[in-house]
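Colleague: Under the working numbering, the first residue of the sequence shown carries the number 822, and numbering increases by one thereafter.
One structure is given below, represented as structure tokens, and several questions about it will come after.
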Amino acid sequence: MIGNPTRGIFERAVAAAEKARYCVAFSSGSAATSAVVHLLSHGQRILSIDDVYGGTQRYFRKIVRPHMGIDVDFVDFDDDIAVSSMLPSSDDDAGRTGLLWLETPTNPTLRVTDIRKVSKLARRVGAILAVDNTFCSPYFQNPLEHGADVVVHSVTKYINGHSDVVMGVACTNDANIYEKLRFVQNGVGAVPSPFDCYLAHRGLKTLHLRMEASAR
């Protein structure tokens, strides 16, 4: 058996909150990030926002780039000249850039980037757009509605909200991406326990109250 009812209930609840068809839960936000990177092939490239969460940047620089055969570059997506130099055209890129990684607002500087604008760049080069939505949470922002292909959360933070669970999720509307993420979840085994899923589901029920308080 590769799943359990408690995890399934939590995944469906987060999917509903993110206005997604699918959600896959992992044992940490970093594990969810890693699962998205597993969608790529050797020789492809990640183009990430430069002001990315420190743990994600460390993973990209210290693990993905030297050990997985996947290049990683960092760019300010609001700098059109810099972005153009990285993604000159779909023909020049030839599918090498497989993933655009966006975090908005960023952790911890809260830089905001236009998701829809970056989604157009992703479409231009045939890349997946993944958005880390941890700091806004599904209550304030739903990146899939603005062109993202995958939304990632560190459930450890706002979704759980009680500092007693470490967990991550990846949400998508794409059935093919979902199947691949589910395979990685099972194959790698970075799954949350049923009890952690119960606790995180408890936290999700008060997300709206906590986010309203945080926004004041």
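A virtual CB, placed ideally from N, CA and C, is assigned to each residue, including glycine.
The structure displayed is predicted, hence computed values, not measured ones.
Report the option in ALA856, ASN994 and ILE949 whose CA atom is closest to the CA atom of THR877.
Modeller: It is ALA856 whose Cα lies nearest to the Cα of THR877.
Colleague: Please report the distance separating the alpha-carbon of GLY916 from that of GLY947.
Modeller: Whole-angstrom Cα-Cα distance: 6 Å.
Colleague: Assuming GLU924 is part of the alpha helix (DSSP H), what are its boundary residues?
Modeller: From DSSP, GLU924 is part of no alpha helix (DSSP H) but of the beta strand (DSSP E) over 918-924.
Colleague: Within this structure, are the beta carbons of ALA834 and GLY989 separated by less than 9 Å?
Modeller: Not in contact: ALA834 and GLY989 (Cβ atoms no closer than 9 Å).
Colleague: Does the distance from the C-beta atom of MET889 to that of VAL858 stay below 9 Å?
Modeller: Against a cut-off of 9 Å, the Cβ pair of VAL858 and MET889 comes out as a contact.
Colleague: What does a CB cutoff of less than 6 Å around PRO964 pick up in its chain, not counting 5 residues either side in sequence?
Modeller: Result list for PRO964: ILE936, VAL952, ASN954 and VAL972, in chain order.
Colleague: Quick check on GLY890: does DSSP put it in helix, strand or coil?
Modeller: Coil.
Colleague: Below 8 Å on the Cβ atoms is my contact criterion, and I expect ALA969 with LEU950 to pass it. Report the Cβ-Cβ distance as a whole number of Å.
Modeller: That belief holds up - the Cβ atoms of ALA969 and LEU950 are roughly 5 Å apart, short of 8 Å.
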